[in-house]
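**Student:**
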Amino acid sequence: MERALDCVCSAGMFVLGVLSVLWTALDGVWGFNLHAEHPTVYRGTDGSYFGYSVDFYQATTGSNTISVLVGAPKANTSQPGIVEAGAVYYCPWPGLPDSCRQIPFDNSNNRMMKVNGTREPIEFKSHQWFGASVRTHKGKVVACAPLYHWRTLKLSGEKEPVGTCYVAIQNFSAYTEYSPCRTSNPDPEGQGFCQAGFSVDFTREGRLVVGGPGSFYWQGQVVTVGIAEILNGYSLKAMLRKVPGEKHTRAAEDTHDDSYLGYSVAVGEFTGDSEQELIAGVPRGAQNFGYVAMINSTNLTFIQNFTGEQVSASVWARLLGTKLFIFELIKVGITDKSYNSIWFMVENTCVSSLSVLQMASPPLDMMWLWLT
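Quick look at the structure:
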């Protein structure tokens, strides 16, 4: 079953709709229709890419209030001397078009250091695309800036796009930075071009999953870490920090260069055990045909890869893995028929619409966002 929304490339606005599950009585298949009679419309600043990323936010599990978080990676902020740092907006739902407010994840300028007696910036937040990804889990929020650069420890002062993320807790009253690729392993062959936070998700237990498609000559990598470990011992002055319990995939053979592992990430249970698996898009792997990698969440070893032909004949191979949303299903095994039991959604080339490429049972009642 295939369905695409009309594509209207108008950055700065998105619409919220309700997906209502309907029974179709065709071989027990469940489909859904999109009701757009009474949408909630939010608007952002022109040119800010408002709506590039979205997620729902619930401050506490028992709260009856649900709001929407919207990323605008080219928005300007109040940060002194920073141009188009990017932002994430809090939008009450339902709400008026102009009811969104910018969340103050970071109000500071670039941090500085002394080099030969002169103060120079050690990081570069302009055009960092903060808000390109945003994800929530039980009151915790993570938003990332994959194009954040930092000055390496080399005397030449190279700038490398390692990417960085911010964690917000306690209803946006406290913030912590997390930059897993800002390490002493720079350059293209290391983590210097990682772009951490290009994609992000949470496990069921609340463990953070971060995709960095630029590590190791763009082989890419996936990183997991606990939120509590990020918060404990955090210091704004510590540019290089190894978070306890952090796990990440390693560099592979050079045949995997330019694969972009971690371009998209998701979490679900697919093997029939009690542990969730990580799913990562690898859009330029398998000789540019693209594939989806299933990864063990405990030790980050690879379980199985799914190529374009295996997943869905209707998916354009070059798009496979670029934008992936997976809804967890019950007891989905790795068999030839299991591909029909996973929902894949791949972002259209217009960037402003979503296409449902493959659907399955069981019934789900859910809310969803679509871009216009």
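In terms of the UniProt record's numbering, the sequence shown opens at residue 1 and continues consecutively.
Quick reminder that beta carbons are idealized off the backbone N, C-alpha and C, glycines included.
All of these numbers come straight from a predicted model, not from anything done at the bench.
Which word fits I330, buried or exposed, when buried means at least 16 other C-beta atoms lie within 10 angstroms of its C-beta?
**Tutor:** Taking the first residue of the sequence shown as position 1, residue 330 is located at position 330. Note that I330 scores 24 on pLDDT, short of 50, meaning its location in the model is unreliable; the coordinates nonetheless yield the value given after this. Its Cβ having fewer than 16 others within 10 Å, I330 is exposed.
**Student:** Taking Cβ to Cβ, would you say M113 is nearer than 7 Å to I103?
**Tutor:** Reading the sequence shown from its first residue, position 113 is the one you call residue 113. Reading the sequence shown from its first residue, position 103 is the one you call residue 103. Not a contact, by the Cβ cut-off of 7 Å.
**Student:** Taking just the CA atoms, how far does V134 sit from F327?
**Tutor:** Here residue 327 is taken as the residue at index 327 of the sequence shown, counted from 1. Here residue 134 is taken as the residue at index 134 of the sequence shown, counted from 1. In this prediction, F327 has a pLDDT of 38, which is less than 50 and means its spatial position is unreliable; nothing more can be read from the coordinates.
**Student:** Output the distance between the C-alpha atoms of residue 373 and F124, rounded to the nearest integer angstrom.
**Tutor:** Look at the range of the chain in this structure, 1 to 372, and you will see that residue 373 is not part of it.
**Student:** Would you mind reading off the limits of the alpha helix (DSSP H) that contains E229?
**Tutor:** In the sequence shown, counting from the first residue as 1, residue 229 sits at position 229. Taken as a continuous stretch (DSSP letters only), the alpha helix (DSSP H) holding E229 covers 227-231.
**Student:** Taking Cβ positions, are G163 and A196 nearer each other than 7 Å?
**Tutor:** Here residue 163 refers to the residue found at position 163 when the sequence shown is read from its first residue. Here residue 196 refers to the residue found at position 196 when the sequence shown is read from its first residue. Yes, the pair counts as a contact, with Cβ atoms nearer than the cut-off.
**Student:** Please name the residue or residues paired with W150 in a DSSP beta bridge.
**Tutor:** As a working note, residue 150 is residue 150 in the sequence shown. Paired residue(s): E123, E160.
**Student:** Considering only C-alpha positions, which residue in the set G214, T40, W129 is nearest to S48?
**Tutor:** To locate residue 48, count along the sequence shown from 1; it is residue 48. The option with the nearest alpha carbon to S48 is W129.
**Student:** Tell me where the beta strand (DSSP E) around Q304 begins and ends.
**Tutor:** Start at 1 with the first residue of the sequence shown, and residue 304 comes out as number 304. Q304 -> beta strand (DSSP E) spans 302-307.
**Student:** Under the assumption that L278 contacts Q221 (Cβ atoms under 8 Å), give the Cβ distance between them as a whole number of angstroms.
**Tutor:** The residue given as residue 278 occupies position 278 in the sequence shown. The residue given as residue 221 occupies position 221 in the sequence shown. In fact, because the Cβ distance is near 12 Å, the residues do not count as touching under 8 Å.
**Student:** For a test of the three-state rule: what should DSSP assign to D254, helix, strand or coil?
**Tutor:** By one-based count along the sequence shown, residue 254 stands at place 254. D254 falls in the helix class under three-state DSSP.
**Student:** At what residues does the beta strand (DSSP E) containing G285 begin and finish?
**Tutor:** In the sequence shown, the residue the question calls residue 285 occupies position 285. Segment 285-288 is the alpha helix (DSSP H) holding G285; no beta strand (DSSP E) there.
**Student:** When DSSP builds the beta bridges, which residues end up paired with D201?
**Tutor:** By 1-based counting over the sequence shown, the position of residue 201 is 201. Paired residue(s): V209.
**Student:** Whole angstroms are fine: how far does the CA of V200 sit from the CA of residue 373?
**Tutor:** There is simply no residue 373 to check, as the chain begins at 1 and stops at 372 in what is shown.
**Student:** Measuring straight from C-alpha to C-alpha, what distance separates G190 and N64?
**Tutor:** Numbered from 1 along the sequence shown, position 190 holds the residue referred to as residue 190. Numbered from 1 along the sequence shown, position 64 holds the residue referred to as residue 64. When rounded, the distance between both Cα atoms is 45 Å.
**Student:** Could you tell me which residues DSSP puts in a beta bridge with S133?
**Tutor:** Within the sequence shown, residue 133 is the residue found at index 133, counting from 1. C144.
**Student:** Could you tell me which of S235, E160, T301 sits nearest to N185, measuring between CA atoms?
**Tutor:** As a position in the sequence shown, residue 185 is number 185, starting the count at 1. The option with the nearest alpha carbon to N185 is E160.
**Student:** Let me know the secondary structure DSSP gives S264 once reduced to three states.
**Tutor:** The residue you call residue 264 lines up with position 264 of the sequence shown. Of the three classes helix, strand and coil, the one that applies to S264 here is strand, per DSSP.
**Student:** Between which two residues does the alpha helix (DSSP H) holding Y291 run?
**Tutor:** Along the sequence shown, one-based indexing puts residue 291 at 291. Taken as a continuous stretch (DSSP letters only), Y291 belongs to no alpha helix (DSSP H), being part of the beta strand (DSSP E) at 291-296.
**Student:** Under DSSP, the beta strand (DSSP E) around S67 begins and ends at which residues?
**Tutor:** Within the sequence shown, the letter at position 67 stands for residue 67. Where S67 is concerned, the enclosing beta strand (DSSP E) stretches over 67-72.
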